[in-house]
Amino acid sequence: MSLSARWRRLDAARWMYRLLVLQVVLLVLVAAATAIAGLVAGSPLMWVVPAALAAVSGWIAAAWHDERRWSWWVVTVLAVLSAGSGLLRLASGVTWWRPAWLAFDVVLVALLAHPGSTARLDPPRPPGRSPRWVVETPPRG
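Structure (structure tokens):
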């Protein structure tokens with residue numbers, strides 16, 4: 008099986024959802040670690056920003072799962088901005104997480120470019136309606 012055939016058979020939308028859920032889980036763990044560190048340091052509200060990021064990320068993941076059209080645009084813009092800033096962060100020095108986060112963003116952008124992910128941008132067809140090229144006769148009354 009060729010690489011292009013494997014690429015076409017890939018269920019990109021499902022893998023996108025899995026990666027978005029993984030991102031939510033990681034952000035929740037960061038929020039929990041920040042909350043613990045904040046309690047130890049005497050700043051109990053330090054967890055608010057990481058928790059808000061986790062909540063927004065979860066909302067976007069849920070919108071992706073529900074196949075909302077706008078979710079593709081939001082995830083694309085955020086992934087491209089994150090990948091661009093990841094490249095800039097690599098220039099300032101390499102740690103273990105910077106290449107990993109950049110690779111995550113590159114995989115997100117690649118999956119977003121897959122036809123299975125871009126299919127959600129097609130206008131939705133109302134249920135039970137025939138295609139436009141079929142002429143419907145009005146009911147006689």
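Just remember that our numbering sits 7 ahead of the position in the sequence shown, which is counted from 1.
Quick reminder that beta carbons are idealized off the backbone N, C-alpha and C, glycines included.
Since we're looking at a predicted model, the values are computed, not measured.
{"Item": "Beta-carbon gap between A68 and A38 smaller than 8 Å", "Value": "no"}
{"Item": "Neighbourhood of A30 by C-beta, 8 Å cutoff - its chain only, sequence neighbours within 5 removed", "Value": "Going by the sequence as given, residue 30 is Gln instead of Ala. Counting only Cβ-Cβ distances below 8 Å, and skipping sequence neighbours, we find S64, A68, F111."}
{"Item": "Cβ distance (whole Å) where L109 is taken to contact A90 below 8 Å", "Value": "6 Å"}
{"Item": "C-alpha gap between L36 and R127, whole angstroms", "Value": "30 Å"}
{"Item": "Cβ neighbour criterion (16 or more within 10 Å) applied to M23", "Value": "buried"}
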